[in-house]
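Just so we're aligned: the sequence shown equals residues 9 to 272 in the numbering used here.
Yeah, the Cβ is synthetic: ideal placement off N, Cα and C, and Gly gets one too.
Report on one structure; see the data block that follows.
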Amino acid sequence: MAFRNEEEASRARVEALEQELARTREELVHARRRPAALPGGLPGGRWSSAGLATAGVVLIGVAFYCGFVWSGSAGEQTGLVVGSAGAVALVLAIFLALLRRLLIIPAPHEAVVVVGRTRRRPDGTTVGWRAVVGRRVLVVPILEYAHRFDLRPQSIELSLANVPVRRGPPVGIEGSFLVRIAGEAPLLDNAVERFLERDPTEIWAVARQTVEAAIRAVVATLDAEEVKQELLRLAQTVRLEVEEDLTKLGLVVDVLRISRVDPA
């Protein structure tokens with residue numbers, strides 16, 4: 009009886025081992041069919057930018073390490089070659105990273121002002137900046153820094169109360185205008201001189217005050233009835249009146265409308 013029990017136990021162990029071996033084979037087959045996960049988090053295919061950057065840093069470090077190790081074991085010449093290659097690759101990677109940060113490409117609606125080094129203008133005067141529109145510019149580290157101007161038009165609403173006229177009661181005037189920073193010299197130079205590192209809200213506030221002052225100056229030369237009946241002519245006159253002042257500021261008014269004139 010003892011012999012039979014031992015034989016049955018041996019058979020049971022053999023069957024269990026065969027079943028475990030079959031499961032292991034199935035797992036191996038499935039593992040071969042699954043795509044391997046590569047560094048960078050993408051399974052079985054393309055590497056992400058972060059993965060490539062990490063791999064590059066790792067390879068440079070490995071090259072450096074191998075160079076030092078081989079210089080003492082497998083031969084000094086081979087180690088120096090590998091170490092030098094790793095050093096060159098590291099320097100090149102740092103240079104490209106710095107170049108990407110220092111090479112500024114302005115958007116189509118931007119002007120970049122590089123401040124730091126002096127230059128001579130055509131009129132003989134010298135300034136400590138240069139303005140660039142529509143092309144790349146390289147900023148020299150430590151010596152220079154860059155400031156951006158947005159050249160897109162800004163819409164500004166007008167609402168004036170108690171505007172005095174030549175004859176008649178004061179009037180209230182409502183309207184709007186489109187203003188922008190000039191994108192060409194010498195007007196852009198004027199804007200840089202007056203608004204460099206100023207907040208855009210300050211620039212538009214100055215433009216509003218200048219246009220409002222021009223409206224009051226023009227309306228003061230007209231009768232109340234003339235102001236009410238000739239809105240288009242009033243807007244054209246105000247635009248001509250304000251043009252010289254805005255030019256000095258480096259600003260341009262594209263559109264100016266007077267939409268309403270009422271008794272104050």
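By the neighbour-count definition (other C-beta atoms within 10 Å, threshold 16), L100 is an exposed residue.
Ranked by Cα distance from V263, the first of L240, D270 and A225 is L240. The C-beta distance from V121 to A154 rounds to 7 Å, short enough to meet the 8 Å contact threshold.
Taken in chain order, the complete beta strand (DSSP E) segments of 3 or more residues contained in the stretch 164-194 are 179-189.
Contact annotation: T134 and R128 have beta-carbon atoms nearer than 7 Å.
Counting along the chain, the unbroken alpha helix (DSSP H) around D253 starts and ends at L239 to L257.
Under the 10 Å beta carbon count, I150 is surrounded by fewer than 16 other beta carbons and is classified as exposed.
Under the three-pair Cβ rule at 8 Å, the stretch 203-212 does not count as touching the stretch 229-239.
Here the alpha carbons of V179 and A228 stand approximately 10 Å from one another. DSSP places T209 in the uninterrupted alpha helix (DSSP H) bounded by P208 to V227. S267 places its beta carbon less than 7 Å from that of E182.
If you ignore the 5 residues before and after G176, its C-beta comes within less than 8 Å of the C-beta of D231, A232 and E233, all in its own chain and listed in chain order. With at least 16 other beta carbons inside 10 angstroms of its own, G258 counts as buried. Counting C-beta atoms within 10 angstroms of its own C-beta, A169 has fewer than 16 neighbours from the protein chains shown and is therefore classed as exposed.
For V246 against I223, the beta-carbon gap comes to about 5 Å, under 8 Å, which counts as contact. In the three-state scheme derived from DSSP, where H, G and I count as helix and E and B as strand, R202 is classed as helix. Distance from the CA atom of R156 to the CA atom of I113, rounded to whole angstroms, is 11 Å.
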